[in-house]
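In my numbering, the protein residues as written are 205 to 448. All C-beta atoms, glycine included, are put in the ideal place defined by N, C-alpha and C. Just so it is clear, the structure is predicted and the values come from calculations on it, not from any experiment.
This is the structure:
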């Protein structure tokens, strides 16, 4: 599929930064202190529960029914409770201290995917530029973006900037408005087919599904560009350089 665009808007976690890898390393390390009686197999099972809790409580944060700190405490208490720990006596301060164990390992594990530095240099040549749109806490997402040490740091937009979180169309359109872009001339690249590529397309942008996992048998819906690496963007005839 050929798409000709003038600007590129990128997801952050799972697209530029390996959140999945960093989160797994951090949880397995923190679990040694949180649940020291678990063997290796049980720790990996606990990690699966941690992923479920992250999805549930981050959604609550994005829906504004929890603060960012409250969703962290809920995840921590949830995984301890799942393994029989009495969390009723765990104060907020204690929960924050325990979560900090995970957070320290998580931040130390932040890393860009191998295709990111080269492709970001290429995308920097987009006629109208490149930016990042990510769900999450702005301060943390800023720190993540800075940790990637890109050739130049693109503008970053989070729900606090655009008034909504993905997949709400307001999120995508708000970022385009702030960049002065026409949505139909923008390619949004993200690793979540539903929440990134299809949601962007529904908002009037061009959607690109970055399927790093190379999902077996999954076909991209009509109108959605599917790539397995950001390198695929660098080899595509991507940019419309007309001025009309």
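CA-to-CA distance, residue j to residue i, given in whole angstroms
{"i": "residue 429", "j": "residue 413", "result": "6 Å"}
{"i": "residue 262", "j": "residue 241", "result": "28 Å"}
{"i": "residue 435", "j": "residue 271", "result": "37 Å"}
{"i": "residue 444", "j": "residue 391", "result": "11 Å"}
{"i": "residue 239", "j": "residue 250", "result": "9 Å"}
{"i": "residue 307", "j": "residue 226", "result": "10 Å"}
{"i": "residue 419", "j": "residue 295", "result": "42 Å"}
{"i": "residue 230", "j": "residue 340", "result": "18 Å"}
{"i": "residue 314", "j": "residue 223", "result": "7 Å"}
{"i": "residue 393", "j": "residue 407", "result": "14 Å"}
{"i": "residue 248", "j": "residue 284", "result": "14 Å"}
{"i": "residue 345", "j": "residue 437", "result": "23 Å"}
{"i": "residue 366", "j": "residue 426", "result": "28 Å"}
{"i": "residue 402", "j": "residue 371", "result": "9 Å"}
{"i": "residue 423", "j": "residue 433", "result": "16 Å"}
{"i": "residue 244", "j": "residue 310", "result": "19 Å"}
{"i": "residue 286", "j": "residue 321", "result": "40 Å"}
{"i": "residue 260", "j": "residue 349", "result": "24 Å"}
{"i": "residue 389", "j": "residue 421", "result": "30 Å"}
{"i": "residue 218", "j": "residue 288", "result": "32 Å"}
{"i": "residue 269", "j": "residue 439", "result": "43 Å"}
{"i": "residue 347", "j": "residue 362", "result": "13 Å"}
{"i": "residue 459", "j": "residue 246", "result": "The first residue shown for the chain is 205 and the last is 448, placing residue 459 beyond what the model contains."}
{"i": "residue 228", "j": "residue 312", "result": "12 Å"}
{"i": "residue 396", "j": "residue 356", "result": "25 Å"}
Where residue i sits in the DSSP three-state scheme
{"i": "residue 430", "result": "strand"}
{"i": "residue 217", "result": "strand"}
{"i": "residue 435", "result": "helix"}
{"i": "residue 422", "result": "coil"}
{"i": "residue 440", "result": "coil"}
{"i": "residue 211", "result": "strand"}
{"i": "residue 414", "result": "strand"}
{"i": "residue 408", "result": "coil"}
8 Å contact criterion, which residue i and residue j should meet: CB distance rounded
{"i": "residue 416", "j": "residue 207", "result": "Going by Cβ atoms, the distance from residue 416 to residue 207 rounds to 19 Å, so no, they are not a contact pair."}
{"i": "residue 195", "j": "residue 385", "result": "In the structure as shown, the chain starts at 205 and stops at 448, and residue 195 therefore has no counterpart that could be examined."}
{"i": "residue 292", "j": "residue 257", "result": "Actually they are not in contact, since the Cβ atoms of residue 292 and residue 257 sit about 18 Å apart, beyond 8 Å."}
{"i": "residue 364", "j": "residue 342", "result": "5 Å"}
Own chain, CB closer than 6 Å to residue i, minus 5 neighbours either side, in chain order
{"i": "residue 305", "result": "234 and 237"}
{"i": "residue 354", "result": "324"}
{"i": "residue 336", "result": "214, 216, 358 and 360"}
{"i": "residue 212", "result": "327, 330, 334 and 391"}
{"i": "residue 400", "result": "215 and 394"}
Beta-carbon proximity list for residue i, same chain, < 8 Å, skipping 5 on both sides
{"i": "residue 300", "result": "273, 276 and 277"}
{"i": "residue 303", "result": "276, 277, 279 and 280"}
{"i": "residue 368", "result": "374, 375 and 378"}
{"i": "residue 298", "result": "none"}
{"i": "residue 387", "result": "376, 377, 380, 407, 408 and 409"}
7 Å Cβ shell around residue i - same chain, five flanking residues per side excluded
{"i": "residue 316", "result": "220, 221 and 352"}
{"i": "residue 319", "result": "433, 434 and 435"}
{"i": "residue 232", "result": "247 and 251"}
{"i": "residue 264", "result": "270 and 275"}
With a floor of 4 residues, list each alpha helix (DSSP H) that falls wholly inside the stretch 283-363, ordered by position along the chain.
296-312, 320-327 and 342-351
Hey, which unbroken runs of the alpha helix (DSSP H) at 4 residues or more fall wholly within the stretch 362-392?
363-366 and 373-383
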